[in-house]
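K.L.:
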Amino acid sequence: MSDTATDSSTEAVADDGIDRKLLLGRPHQHHGMLWLTASIVLFAIFLVSYSLVTNPRFEWGVVFGWFSSERLFTGLLRTLGLTAISMVVGIVVGVILALARLAPNFIIAGVAAFLVWIFRGVPVFVQLLFWGFIAAIYPRIAIGIPFGPEFFSVDANVLITPFLAAILGLGLNEGAYKSEIVRAGLLSVNRGQTEAAKALGMRRFTILWRIVLPQAMKIIIPPTGNQTISMLKTTSLVSVLAFPELLYSAQLVYSANFKTIPLLIAASLWYLLVTSILSLGQFYIERHYNRGSGKTDQLRNFPRFSKTLRSRPPKQEVQS
Amino acid sequence: MSEVVVEARGVVKNFGDLNVLKGIDLTIRRGDVTCIIGPSGSGKSTFLRCINQLETLDGGYIIVEGQPVGVKIKKGRVEAQSNAEAARSRENIGMVFQSFNLFPHMTVLGNICEAPIRVKKESRAVVRKRAYDLLDRVGLAAKAEVYPAALSGGQQQRVAIARALAMEPRLMLFDEPTSALDPELVGEVLDVMRGLADAGMTMIVVTHEIGFAREVSDHLIFMDDGCVVEQGDPRSVLHSPQHDRTKQFLAKVL
Ligand SMILES: Nc1ncnc2c1ncn2[C@@H]1O[C@H](COP(=O)(O)OP(=O)(O)OP(=O)(O)O)[C@@H](O)[C@H]1O
Ligand SMILES: [Mg+2]
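Chain order of the listed sequences is A and B. For the first sequence, the positions run 1 to 320 when this note's numbering is used. For the second sequence, the positions run 1 to 254 when this note's numbering is used.
1) Considering only heavy atoms of ligand 1 and the C-beta of each residue, which residues fall inside 5 angstroms, strictly closer?
2) Under three-state DSSP, which class holds methionine 167 of chain B?
3) Hey, would you say leucine 241 of chain A sits closer than 8 angstroms to leucine 72 of chain A, going by beta carbons?
4) Looking at the structure shown, is threonine 296 of chain A part of a helix, part of a strand, or coil, going by DSSP?
5) Could you name the residues that DSSP lists as bridge partners for phenylalanine 133 of chain A?
6) With a threshold of 7 angstroms on Cβ separation, who are the neighbours of serine 45 of chain B within its own chain once the five nearest residues in sequence on each side are excluded?
7) Between A/Leu164, A/Ala165, A/Pro146, A/Ile211, which lies nearest to leucine 187 of chain A when the distance is taken from Cα to Cα?
8) Find the residues of chain B that neighbour alanine 196 of chain A, judging by a C-beta separation of less than 7 angstroms, and give them in chain order.
9) State the DSSP-derived secondary structure class of glutamine 248 of chain B, mapped to helix, strand or coil.
10) Counting only Cβ pairs nearer than 8 angstroms, list the residues of chain A close to methionine 167 of chain B.
11) When the distance is taken between beta carbons, is alanine 197 of chain A closer than 8 angstroms to methionine 95 of chain B?
12) Applying a beta-carbon distance threshold of less than 7 angstroms, which residues of chain B neighbour glycine 192 of chain A?
13) Take the Cβ of leucine 140 of chain B as the centre, count every other Cβ of all protein chains shown within 10 Å, and call the residue buried at 16 or more, exposed below.
14) Helix, strand or coil: which one does DSSP assign to asparagine 226 of chain A?
15) Would you tell me roughly how many angstroms separate the C-alpha atoms of isoleucine 40 of chain A and glycine 75 of chain A, rounded to the nearest one?
16) In three-state DSSP terms, what is arginine 203 of chain A?
17) Where does the unbroken alpha helix (DSSP H) through alanine 142 of chain A begin, and where does it stop?
18) Going by C-alpha distance, which of B/Tyr61, B/Glu85, B/Phe47, B/Gly153 is nearest phenylalanine 15 of chain B?
19) Do glutamate 176 of chain B and ligand 2 come close, with the Cβ less than 7 angstroms from some heavy atom?
20) Is the beta carbon of valine 253 of chain B within less than 7 angstroms of some heavy atom of ligand 2?
21) So, using beta-carbon positions, are leucine 57 of chain B and valine 20 of chain B closer together than 8 angstroms?
22) Is any heavy atom of ligand 2 found at a distance shorter than 7 angstroms from the C-beta of valine 11 of chain B?
23) Sort out for me which residues DSSP pairs cysteine 227 of chain B with in a bridge.
24) Is there a C-beta anywhere in chain A that falls below 8 angstroms from the one on valine 119 of chain B?
25) In chain B, what lies closer than 7 angstroms to isoleucine 211 of chain A by C-beta?
26) Count the C-beta pairs between the region 174 to 183 of chain A and the region 118 to 125 of chain A that are closer than 8 angstroms, then say yes if the count reaches three, no if not.
27) Of all the CB atoms in chain B, is at least one closer than 8 angstroms to the CB of arginine 120 of chain A?
28) Chain B partners of proline 214 of chain A, CB-CB under 7 angstroms?
29) When the distance is taken between beta carbons, is alanine 197 of chain B closer than 8 angstroms to valine 69 of chain B?
30) Rounding to the nearest angstrom, what Cα-Cα distance links phenylalanine 151 of chain A and valine 119 of chain B in this structure?
31) Classify aspartate 191 of chain B: buried if its beta carbon has 16 or more other beta carbons within 10 angstroms, exposed otherwise.
32) Can you confirm whether arginine 204 of chain A, when its beta carbon is compared against all beta carbons of chain B, has any partner nearer than 8 angstroms?
33) In whole angstroms, what is the alpha-carbon distance linking proline 223 of chain A and serine 276 of chain A?
34) Is threonine 107 of chain B buried or exposed, if buried means 16 or more other CB atoms sit within 10 Å of its CB?
35) In chain A, which residues lie with their C-beta within 8 angstroms of the C-beta of leucine 54 of chain B?
36) Please state whether the Cβ-Cβ distance between isoleucine 62 of chain B and valine 6 of chain B is less than 8 angstroms.
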């Protein structure tokens, strides 16, 4: 049996002048063009690198000095914190808006659709400015009965700090985007799942939390990595609110020492480093969810993930 | 005569302009197995879904276990039930679907235990014990820790039956439980249902399995075009149907 492959006859079946023996070999590769284009690109790379090294205005010593400085590092930590909190706010807001848009009450659904329209349609930079200048619209923020007595009121400038303005601006914008993804995820779950859960007497919240959302996660989770990376970079817009995250920390330094380019490079290196790490995470998330596009494969992968979502490991539920 | 479990009178259901149920009258007694047969689109599934409020009625009423379905009477007025009240009334009614509808992200055991734990707030230990007993009963004790995707259709449907039974329902609804199965898997599911009938469970079964209906049911209902055309003892309905539509339908399926 094993001989048939190597022994296969190369006798011509038709008289077409083709030498069958030659066809058994792999085709000869021409590398000429490849080498030519590669050399041109390599030369271009050389020119750029040469200028990077020899142009004294890059001031690499200054770059690395500030790159490893405590001030930029503190700014980086603030950037990371801002990214994490905005993403969490975004996910919570996204789930709430998605549920509201699917609500049977059309006023609730309409209001949610309107909010998504606003928070998605207005550039996030402009939204950040609005939150930053909120005190110009509402100088005092009060808790009380509408048109009745106030129990408590604060100066908007005191309550809405640059940090809170940043979280509101970034989180609500993210939430509006997220709501679309969450909605798609919720709608992707077969209606039979909800019906089976209803037939078992489950309450609406239990059905959502235990049956529908875990299955929607397959759709919701993968884009989240990309959005986190995007959010990390978007936080640099917050510099306009004078919140000392990574970019604004760098700006504070160069406004004093005028080493503008080296500081921007130092900040960029940090952004690149963190986005690279996050991209690696994203790679693993995507691989986890794409492994085999076969249906059974996905189903089999999925439970493993849902286990990690549970607060209690399944083994503990199993008491014998 | 034994006590009445389901009393349906003049049940009407419309989907937009489509009049799907045109006044169904039905009485189901404790311990009876009632089979519903009829052509596709005659409203069998819709009627079953009305019984546990997966559809709302457009006319008539259904009383299950002495409780009006979907409504409550308060100060001499009829009011719609809240979602929570509807959920509570579904606790006593088990339902098995044509497409199984197991929860793919939970193991077999998880599927069975979820509702008793979350809805009835029973202790894990008690529910697990019952789940294993039920799995034993449907012949799947070895599959407790497996995910539904790893089961055959017949096995999935048997798990779905066990899942419904775990809520200890007083009435079981089956909507063509074997229609999505390969012919060689139909028997194992019907065997489980036969066992359930022998154990005295009140069951309403929509089915195309005329043999099962003849053997197991106490009461046979033939539906066509949103109406109950003929009903009675399965042998007499199947062997000496009174109505032309019944005769035509049986001529096709027998
Ligand atoms: N959600 C719905 N919206 C609109 N029409 C519906 C809906 N559900 C059912 N119908 C229609 O109602 C009619 C009865 O459907 P039903 O599913 O009750 O029939 P059935 O007797 O169970 O048929 P089958 O044997 O094919 O399952 C059909 O014409 C169907 O198209
Ligand atoms: Mg049907």
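From the three backbone atoms N, C-alpha and C, an ideal C-beta is built for every residue, glycine too. Given the structure is predicted, the values throughout are model-derived calculations rather than measurements.
P.N.:
Taking the coordinates as given:
1) In chain order, the residues positioned with their C-beta nearer than 5 angstroms to some heavy atom of ligand 1 are B/Phe15, B/Val20, B/Ser40, B/Gly41, B/Ser42, B/Gly43, B/Lys44, B/Ser45, B/Thr46.
2) By 1-based counting over the second sequence, the position of residue 167 of chain B is 167. If DSSP states are grouped into helix, strand and coil, methionine 167 of chain B belongs with coil.
3) Taking the first sequence and counting its residues from 1, the one referred to as residue 241 of chain A is at position 241. Taking the first sequence and counting its residues from 1, the one referred to as residue 72 of chain A is at position 72. The answer is no: Cβ separation not under 8 angstroms.
4) By 1-based counting over the first sequence, the position of residue 296 of chain A is 296. Bear in mind that a pLDDT of 43 at threonine 296 of chain A, under 50, signals an unreliable position, so the number given afterwards is only what the model happens to contain. Reduced to three states, the DSSP call for threonine 296 of chain A is helix.
5) As a working note, residue 133 of chain A is residue 133 in the first sequence. The partner list for phenylalanine 133 of chain A (beta bridge, DSSP) is empty, contrary to what the question assumes.
6) Within the second sequence, residue 45 of chain B is the residue found at index 45, counting from 1. Asp175, Val206.
7) Translated into positions along the first sequence, residue 187 of chain A becomes position 187. Closest by alpha carbon: A/Ile211.
8) In the first sequence, residue 196 of chain A corresponds to position 196, counting from 1. Within 7 angstroms Cβ-Cβ: Phe97, Asn101.
9) Taking the second sequence and counting its residues from 1, one reaches residue 248 of chain B at position 248. Glutamine 248 of chain B falls in the helix class under three-state DSSP.
10) Here residue 167 of chain B refers to the residue found at position 167 when the second sequence is read from its first residue. Within 8 angstroms Cβ-Cβ: Leu200, Gly201.
11) In the second sequence, counting from the first residue as 1, residue 95 of chain B sits at position 95. In the first sequence, counting from the first residue as 1, residue 197 of chain A sits at position 197. Taking 8 angstroms as the Cβ cut-off, methionine 95 of chain B and alanine 197 of chain A do not qualify as a contacting pair.
12) As a working note, residue 192 of chain A is residue 192 in the first sequence. Near glycine 192 of chain A (Cβ distances below 7 angstroms), the residues of chain B are Phe97, Ser99, Asn101.
13) Looking up residue 140 of chain B in the second sequence gives position 140. The residue is buried, with at least 16 neighbouring Cβ atoms inside 10 Å.
14) On the first sequence, position 226 is the one that residue 226 of chain A refers to. Asparagine 226 of chain A carries a helical assignment under DSSP once its states are collapsed to helix, strand and coil.
15) Position 40 of the first sequence holds residue 40 of chain A. Position 75 of the first sequence holds residue 75 of chain A. Answer to the nearest angstrom: the Cα atoms are 40 angstroms apart.
16) Numbered from 1 along the first sequence, position 203 holds the residue referred to as residue 203 of chain A. In this structure, arginine 203 of chain A counts as coil in the three-state DSSP scheme.
17) On the first sequence, residue 142 of chain A is found 142 positions in, with the first residue counted as 1. It is not in any alpha helix (DSSP H) - alanine 142 of chain A instead sits in the beta strand (DSSP E) that spans 140 to 144.
18) Numbered from its first residue, the second sequence carries residue 15 of chain B at position 15. Taking only the C-alpha atoms, the option nearest phenylalanine 15 of chain B is B/Phe47.
19) The residue given as residue 176 of chain B occupies position 176 in the second sequence. Flag set: Cβ of glutamate 176 of chain B near ligand 2.
20) Within the second sequence, the letter at position 253 stands for residue 253 of chain B. No, the beta carbon of valine 253 of chain B sits no closer than 7 angstroms to any heavy atom of ligand 2.
21) In the second sequence, residue 57 of chain B corresponds to position 57, counting from 1. In the second sequence, residue 20 of chain B corresponds to position 20, counting from 1. Not closer than 8 angstroms, so no.
22) Counting from one through the second sequence, the residue named residue 11 of chain B turns up at place 11. Flag unset: Cβ of valine 11 of chain B not near ligand 2.
23) Along the second sequence, read from residue 1 onward, the residue named residue 227 of chain B stands at position 227. Cysteine 227 of chain B pairs with B/Asp224.
24) Looking up residue 119 of chain B in the second sequence gives position 119. Cβ-Cβ to chain A under 8 angstroms: yes for valine 119 of chain B.
25) The residue you call residue 211 of chain A lines up with position 211 of the first sequence. Those within 7 angstroms of isoleucine 211 of chain A in chain B are Phe103.
26) yes
27) For the purposes of this step, residue 120 of chain A is taken as residue 120 along the first sequence, with counting starting at 1. So no, arginine 120 of chain A is outside the interface.
28) As a working mapping, residue 214 of chain A is identified with position 214 in the first sequence. By Cβ distance, chain B contributes His105.
29) Position 69 of the second sequence, counted from the start, is the residue given in the question as residue 69 of chain B. Position 197 of the second sequence, counted from the start, is the residue given in the question as residue 197 of chain B. No, Cβ-Cβ distance for valine 69 of chain B and alanine 197 of chain B is not below 8 angstroms.
30) In the first sequence, counting from the first residue as 1, residue 151 of chain A sits at position 151. In the second sequence, counting from the first residue as 1, residue 119 of chain B sits at position 119. Their backbone Cα atoms lie some 40 angstroms apart in a straight line.
31) Residue mapping note: residue 191 of chain B aligns to position 191 of the second sequence, counting from 1. Exposed, by the Cβ-count rule.
32) By one-based count along the first sequence, residue 204 of chain A stands at place 204. Closer than 8 angstroms: yes.
33) Here residue 223 of chain A refers to the residue found at position 223 when the first sequence is read from its first residue. Here residue 276 of chain A refers to the residue found at position 276 when the first sequence is read from its first residue. Proline 223 of chain A and serine 276 of chain A: Cα-Cα distance of roughly 16 angstroms.
34) As a working mapping, residue 107 of chain B is identified with position 107 in the second sequence. The residue in question, threonine 107 of chain B, is buried, as its Cβ has 16 or more Cβ neighbours within 10 Å.
35) In the second sequence, the residue the question calls residue 54 of chain B occupies position 54. By Cβ distance, chain A contributes Glu195, Lys198, Ala199.
36) Here the question's residue 62 of chain B lines up with position 62 in the second sequence. Here the question's residue 6 of chain B lines up with position 6 in the second sequence. Yes, Cβ-Cβ distance for isoleucine 62 of chain B and valine 6 of chain B is below 8 angstroms.
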